[in-house]
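S.K.: Chains as they are written, first to last, in the working numbering: chain A, 4 to 477; chain B, 129 to 367; chain C, 6 to 347. Every residue, glycine too, gets a C-beta built ideally from N, C-alpha and C. Nothing here was measured: the structure is a model prediction, and the numbers come from that model. Submitted below is the structure of interest, expressed as C-alpha cells.
Shown next, in the form of C-alpha cells:
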C-alpha cells in the first residue's frame, strides 16, 4: 500500500496547484451514455486532436498551456452505468449529494440549496464537472469547444468562471493560498517549511494510510476505480464584500468608543500598520479596521499570521511557520484557526491534523475597489470564490470540519456556540466573536452578519486516470 | 336520547380499557392495518439540526442483540467491556465530547447509552480511531457484527451499522411525530392539507411496530445547551 | 401595529362565539380569581435582564387565575385552558404584565389565520358518539372522542379539528387543547407565556426569550374518567393559601438563531438554555375580588423597560384586542406612566 505514488495516474490538480490565472468549470449532464464513455476513454488516450486530455500529476519536461481535469458526481457515475455493487461502496455523503447535507454544512437561510440558482438547483442532472485552466479567455473557449465538440456525449447545464487577482489576493482583501498540506513522497519546490507535520498521502488519496492511526477509508472496487481517486467539495461561495467592509467600519467605530481602546491599538501604532498595508492617510479608524479584519481571519490581510505578530503586520513573516501552542494571540474563533487548529489545544485531541484539506480556489466577479461615488444606483455584481476542498474522506475531513469546528466551535469551549466570523451564517442579533487583548481579557464583537453565502455546489469524485479509463471501457 | 347512557354505550366505553381487547387488537387489528397502511421505519439518532443547542448533549441509544442469547453470551459481553476499562476511559477522556456513557445489558442485548456533543459520525469515527479494538471485541459478539469488523478497515460501514441500531427518538410533541412520518414520505406541505388527526393513535401504533425500540422524546437535560468542555472549563476542571 | 378596526373585529369574533353575552366582563377567561403574592428574582436574573423586577428585591405581584372558556357558567372540571395573568408592581406605580396559559403554543400564526379559524370553529351541538361509531373507531385503531360532560350541549371541538386537519401549523395547539384536562388546583399547573420577548441585559445585550411558570408543588390534573365537578378551584385555592403559600418558578428559555421567534405555533425544544429567573410566592386571596380579579386589566404588551415585545403578529394583535375588550367592558384604562390614572 505504501508504494511510491504514481504521479502519472493521479489527476494533476490534486497534489499541485497549476498557478494558471483563469479557471472555468463546465457543469455537464450525460446526454448519451456510450458517447460519454468514449469521451472519457479519449480524454486519457494521449491523442492530442479531439477531446481535451486530462492533465496528470506529472507532465514531463514542458508545462502545458492549458490544463484539463474532471470530477464526477454520484449521479454521474450512475448515469455512466457504473455497476451498482461499485456504486454502493461510495461513501454515504457522496451518494446523498451536497444538496442533502445542507444542515450539516450550515447551508441554511440564504445559503439553503432551495435557493441555489441553476444548474445547482437540479442536482440529479449534474453528472460531470470539467475544469479548464488557462491564461487567456480565448484558451478557455477553445478547450470548451473541443470538450463539447460533436454534442453527443454531454449536455452543458452551466458554467462558472473565475480569474485570479494579482498576488494571490481574494475578495475581502486577504491573501490566500499561503499554506497547503505537504505530503509524503511529494516534492513540490514551491512549498515552504510550514511547521506542520507532513501529511500522509491518505489525507488526499484513497488507498493510502490516513492521518488517523490504523484507519483506512473504503476504496470503491474494482481497484482501478477507487485507488488514487479522491473527493472534492466544490462550492460556489458568494461573498458580500460591501457588507464586510461596512462591518469593519462599524466595528472600528465601536472600538474607538471603547474605553480601553488603547489596549487594542496603542497610540501611534496605527502609523506602522497603515504603512505596511498601504493605507493612506494613516488613521486610527483605518488601523482598527485592519485589526478587526486580522482577528476575524487569523492573518492580517497581507498574510502575516496573527500567531506570530499580533500587533503589526510584517511581510517577512507571511510564509513563516507558526503554531498555536503557548502564547498565541490568534483568537480561538478566527477562521483559519477553526479550519485548521494545527497543534493547538482542541477538545477532540485525537483529531489534531486529521481534518486537513487541499484547497484550490479562484475568485469570481469583479474586484471591489472601495465604494463608488454616487453609489446605490445599481445592484452589486456578484463576487465570491469558486472553492474546491479536496480530501480523501468528505465525512471525516470537509464535513467534520464544517460541522463541528466552523459552525459549532466545539473544539474550544471559549468559542462553542458561535459560528465562524467570516463564513458562518451569522445573525446580527445573536452572533458574537471574542477579540483577545494583550492583557488576556477579551472584547466581544457583535452584529456579525452572513458575509459568505453558498450559491451552489456538489460533491465530486476526482478519479485517477486508471479510473477514467475503466469508466471509459464499461 | 344522547344523554341516556345505554348498555351498549357503557360496553363500548369499557371495552378498550380491558387487557383482553388490547391483546386481541394486537393480534388481529394491528397486522391488518400494517398491511393496509404500511409505515416505514424512521431513522435513528437526534433529528438533524443546524442549531447549536441541538448539537450538544445529543443522545445515542444503541441496542445491539447478542449472538448468543444466554447468560454465557451476556457474560462474554460483560467481560469484553470490563477487560477494556482502561482503553474505554482513555478514549472518553481524549475524544472530549462525551458527557456520559454507559453500557447496559438488557435481556439478550448489549446496549450503549451516551450523551455526546457534535456530529454523530465524527463522534463514532474519533472513537474508532482511539478505542477501535474495544469496538471490535464487543461487536463480534453482536448479531451481524462480523460484517463491519475490524472497524478500522470498515469505517464507513461501521458508522452506518451503528446508525442503524441507534434508536429513533420520538419527538416530544405528537404533531412533530406526524411531521417525521410525512417527511419520510417526502410530504412537506403546511397548508392547505387534508389530514385526519384522529388517525394519530393508529399511526403511532404502526410506527412502534416498525421501530420496536424507541427513545421517547430526545431526553431531559438539567443544563441544556453546553458542551463537555464548556462545563469542565466553567467548573475549573481543565479540558 | 395592528389597527383599531382589526382589533375590534378580533374581539367581536370572540364575542360572537360565546354561548351568551357577558356585558361588563371579559369575553374569554371570564371566570377568574385574583391572588396576591411576592416575586423575588434569582441571583442571576439581573445578568440577563435589567428590568426592575429582576433586580433581586422583593416585588409585589397581582395574579389572576382564570378558566379559558367564555361565558358566565363555571365548569372548573371541563377540559379547558387555564390562565395565569401576573402584574409585577414597580416602584414608580407602573406595572409589568406577564400573561400565561396552560396551553404552551397557540394554534394560529397571525390575525388572518385567526379570523379564518373563527369562521370554521364555531360552537356546534355536541352529542355523545353512537356506540356503533365508537366501535368503528376502535376497529380502525382510532380513539373515539370524549363523551360530553353533564350539561354540555355545545362545543367548538369539532370545528377546531376540521381546521387542524387543513392546516398543519395549527395541529399542535389544537391537539394540546383537546388533551388539556382540568388541573387539581390553579397552583398545580404549568403556565406558558407562549410569545417571544426580547430582554435587554447589562451592556445592551439583547436576547430573545420565552417565559414559563413552573409550579413548585408539581403539576397534577384531575382524572379524565372522573365525573367533572363544576366549582372547586376557587375554594381549593383559598384553602391551600390558608395553610401554606403556593410557589412558582419563573423559567426563561433563551432562543437561538434559527428558532421561530415570531411564530407562536412553534414551541422551542428542550435543548435550549433555561434560566431560573426567580420565585413567585402567592400568599392570599384578597376579600375584595372586584379590585383584585375584575377591575384589573392586564395587557401582554405592558412591559417594564428592559423587556420588549417581539414581532409576533399575535402578540401585536393582543395589544389592541385587550385594549378594545377593556373599553367594551368598562375595565381599568392602560397605565403607562406614573401620572396616568389607575
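1. Determine whether the beta carbon atoms of residue 351 of chain A and residue 328 of chain A lie at a separation below 9 Å.
2. Quick check: what's the CA-CA separation for residue 59 of chain C versus residue 103 of chain C?
3. Report the neighbours of residue 266 of chain C on chain B: residues whose CB is nearer than 9 Å to its CB, in chain order.
4. At the 9 Å Cβ level, is residue 216 of chain B part of the contact set with chain F, yes or no?
5. Please confirm if residue 267 of chain A has its CB atom under 9 Å from at least one CB of chain C.
6. As a quick exercise: from A:322, A:426, A:339 and A:210, pick the residue whose alpha carbon is nearest that of residue 467 of chain A.
7. Where do the ends of the beta strand (DSSP E) carrying residue 231 of chain B lie?
8. Would you call the CB atoms of residue 301 of chain A and residue 359 of chain A closer than 9 Å?
9. Measuring only from the beta carbon, is residue 351 of chain A closer than 8 Å to any heavy atom that is part of the ligand ATP?
10. Would you mind reading off the limits of the alpha helix (DSSP H) that contains residue 83 of chain C?
11. Starting from residue 164 of chain B, trace the alpha helix (DSSP H) both ways and give me its first and last residue.
12. Alpha carbon to alpha carbon, how far is residue 274 of chain C from residue 142 of chain A?
13. To test your reading of the DSSP string, which unbroken alpha helix (DSSP H) runs of 4 or more residues are found completely within the region 291-367 of chain A?
14. Just reading off the alpha helix (DSSP H) that residue 54 of chain A is part of, what are its end residues?
15. Hey, is the region 97-112 of chain A in contact with the region 38-52 of chain A, meaning 3+ C-beta pairs nearer than 8 Å?
16. In whole angstroms, what is the alpha-carbon distance linking residue 251 of chain B and residue 136 of chain A?
17. According to DSSP, residue 219 of chain C sits in a beta bridge with which residue or residues?
18. So, with DSSP's three-state summary, where would you put residue 237 of chain B?
19. With contact counted as at least three CB pairs below 8 Å, one residue from each stretch, are the region 59-76 of chain A and the region 5-21 of chain A in contact?
20. Quick one, are the C-beta atoms of residue 75 of chain A and residue 257 of chain B less than 9 Å apart?
21. Cβ atoms of residue 265 of chain B and residue 221 of chain B: under 9 Å apart, would you say?
22. At a Cβ threshold of 9 Å, is residue 210 of chain C touching chain A?
23. Residue ranges of each beta strand (DSSP E) run of no fewer than 3 residues wholly in the region 20-83 of chain C, ordered along the chain?
24. Does residue 213 of chain C get closer than 9 Å to chain A when you measure Cβ to Cβ?
25. Would you call the region 120-138 of chain C and the region 187-203 of chain C touching, i.e. three or more CB-CB distances under 8 Å?
26. With 9 Å as the threshold, decide whether the Cβ of residue 449 of chain A is near any Cβ in chain C.
27. Using 8 Å for Cβ pairs, my map puts residue 393 of chain A next to residue 207 of chain A. What's the rounded Cβ distance?
28. Please check the pair residue 267 of chain B and residue 356 of chain B, which I expect to be a contact at CB under 8 Å, by giving their CB distance rounded to whole angstroms.
29. Starting from residue 352 of chain A, find everything on chain B with Cβ-Cβ shorter than 7 Å and list it in chain order.
30. Quickly, what does DSSP pair residue 73 of chain A with across the bridge? List them, please.
31. If we count Cβ pairs, one from each stretch, closer than 8 Å, do we get three or more for the region 74-93 of chain C versus the region 163-170 of chain C?
32. Please look up how many angstroms separate the CB atoms of residue 333 of chain B and residue 158 of chain B, rounded, as I've assumed it's under 8 Å.
33. Could you check if residue 64 of chain C is buried or exposed, using at least 16 other CB atoms within 10 Å of its CB as the buried criterion?
34. Quick check on residue 341 of chain B - is its C-beta less than 9 Å from some C-beta in chain A?
35. Using a cut-off of 7 Å between C-beta atoms, extract the partners of residue 324 of chain B located in chain C.
36. Output yes if chain A places a C-beta closer than 9 Å to the C-beta of residue 268 of chain B; else output no.
M.R.: Well, looking at it:
1. In the first chain, counting from the first residue as 1, residue 351 of chain A sits at position 348. In the first chain, counting from the first residue as 1, residue 328 of chain A sits at position 325. No, the pair does not count as a contact, with Cβ atoms beyond the cut-off.
2. What you label residue 59 of chain C is simply residue 54 of the third chain in a count that begins at 1. What you label residue 103 of chain C is simply residue 98 of the third chain in a count that begins at 1. C-alpha of residue 59 of chain C to C-alpha of residue 103 of chain C: approximately 13 Å in a straight line.
3. By one-based count along the third chain, residue 266 of chain C stands at place 261. Close to residue 266 of chain C, with beta-carbon spacing below 9 Å, lies no residue of chain B; the smallest spacing is near 13 Å.
4. Protein chains in the displayed structure are A, B and C, and chain F is not among them.
5. Along the first chain, read from residue 1 onward, the residue named residue 267 of chain A stands at position 264. For residue 267 of chain A, the answer is no, since every Cβ of chain C falls outside 9 Å of its Cβ.
6. Here residue 467 of chain A corresponds to residue number 464 of the first chain, with the count starting at 1. Comparing Cα-Cα distances from residue 467 of chain A to each of A:322, A:426, A:339 and A:210, the minimum goes to A:210.
7. As a first step, residue 231 of chain B must be located in the second chain, where it is residue number 103. Residues 226-234.
8. For the purposes of this step, residue 301 of chain A is identified with residue 298 of the first chain, where counting begins at 1. For the purposes of this step, residue 359 of chain A is identified with residue 356 of the first chain, where counting begins at 1. No, these two residues do not count as a Cβ contact at 9 Å.
9. As far as ligands go, the structure on display features none, and thus does not contain the ligand ATP.
10. Position 78 of the third chain, counting from 1, holds the residue named residue 83 of chain C. Membership of residue 83 of chain C in any alpha helix (DSSP H) is not indicated, and neither H nor E is assigned to it by DSSP.
11. Taking the first residue of the second chain as 1, we reach residue 164 of chain B at position 36. Note, residue 164 of chain B: alpha helix (DSSP H), 147-164.
12. Your numbering for residue 274 of chain C matches position 269 in the third chain. Your numbering for residue 142 of chain A matches position 139 in the first chain. Rounded to the nearest angstrom, the two C-alpha atoms are 55 Å apart.
13. Listed in chain order, the complete alpha helix (DSSP H) runs (minimum 4 residues) inside the region 291-367 of chain A are 338-342.
14. Position 51 of the first chain, counted from the start, is the residue given in the question as residue 54 of chain A. Careful: residue 54 of chain A lies outside any alpha helix (DSSP H) and carries neither H nor E.
15. These segments do not touch.
16. As a working mapping, residue 251 of chain B is identified with position 123 in the second chain. As a working mapping, residue 136 of chain A is identified with position 133 in the first chain. Distance from the CA atom of residue 251 of chain B to the CA atom of residue 136 of chain A, rounded to whole angstroms, is 39 Å.
17. In the third chain, residue 219 of chain C corresponds to position 214, counting from 1. Beta-bridge pairing links residue 219 of chain C to C:254.
18. One-based indexing of the second chain puts residue 237 of chain B at position 109. In the structure shown, the three-state DSSP call for residue 237 of chain B is strand.
19. Judged by Cβ distances under 8 Å, the region 59-76 of chain A makes contact with the region 5-21 of chain A, as three or more pairs qualify.
20. Translated into the one-based positions of the first chain, residue 75 of chain A becomes position 72. Translated into the one-based positions of the second chain, residue 257 of chain B becomes position 129. No, Cβ-Cβ distance for residue 75 of chain A and residue 257 of chain B is not below 9 Å.
21. Mapped onto the second chain, residue 221 of chain B falls at position 93. Mapped onto the second chain, residue 265 of chain B falls at position 137. Judged by their CB atoms, residue 221 of chain B and residue 265 of chain B are not nearer to each other than the 9 Å cut-off.
22. What you label residue 210 of chain C is simply residue 205 of the third chain in a count that begins at 1. Yes, residue 210 of chain C lies at the interface with chain A (some Cβ there is under 9 Å from its Cβ).
23. Taking 3 residues as the minimum length, the beta strand (DSSP E) runs contained wholly in the region 20-83 of chain C are 37-46 and 64-72, in order along the chain.
24. Counted from its first residue, the third chain places residue 213 of chain C at position 208. With 9 Å as the cut-off, residue 213 of chain C counts as an interface residue toward chain A.
25. The region 120-138 of chain C is not in contact with the region 187-203 of chain C.
26. For the purposes of this step, residue 449 of chain A is taken as residue 446 along the first chain, with counting starting at 1. Any Cβ of chain C closer than 9 Å to the Cβ of residue 449 of chain A would place that residue at the interface, and such an atom is present.
27. The count along the first chain starts at 1 and reaches residue 393 of chain A at position 390. The count along the first chain starts at 1 and reaches residue 207 of chain A at position 204. Rounded to the nearest angstrom, the Cβ distance from residue 393 of chain A to residue 207 of chain A is 6 Å, consistent with a contact under 8 Å.
28. Start at 1 with the first residue of the second chain, and residue 267 of chain B comes out as number 139. Start at 1 with the first residue of the second chain, and residue 356 of chain B comes out as number 228. Their Cβ separation, rounded to whole angstroms, is 25 Å, which puts residue 267 of chain B and residue 356 of chain B out of contact at 8 Å.
29. The sequence position of residue 352 of chain A within the first chain is 349, counting from 1. Using a Cβ-Cβ cut-off of 7 Å, residue 352 of chain A is close to 222 and 224 of chain B, given in chain order.
30. The count along the first chain starts at 1 and reaches residue 73 of chain A at position 70. Per DSSP, A:133.
31. Pairwise C-beta distances place the region 74-93 of chain C out of contact with the region 163-170 of chain C, as fewer than three of them are shorter than 8 Å.
32. The residue you call residue 333 of chain B lines up with position 205 of the second chain. The residue you call residue 158 of chain B lines up with position 30 of the second chain. Cβ-Cβ separation between residue 333 of chain B and residue 158 of chain B: approximately 6 Å, consistent with a contact (criterion under 8 Å).
33. Position 59 of the third chain, counted from the start, is the residue given in the question as residue 64 of chain C. With 16 or more Cβ atoms within 10 Å of its Cβ, residue 64 of chain C is classed as buried.
34. The residue labelled residue 341 of chain B in the question sits at position 213 within the second chain. It does not; no Cβ of chain A falls within 9 Å.
35. In the second chain, residue 324 of chain B corresponds to position 196, counting from 1. Contact of residue 324 of chain B with chain C by beta-carbon distance below 7 Å involves 170.
36. Numbered from 1 along the second chain, position 140 holds the residue referred to as residue 268 of chain B. Between residue 268 of chain B and chain A, the shortest Cβ-Cβ separation is not below 9 Å.
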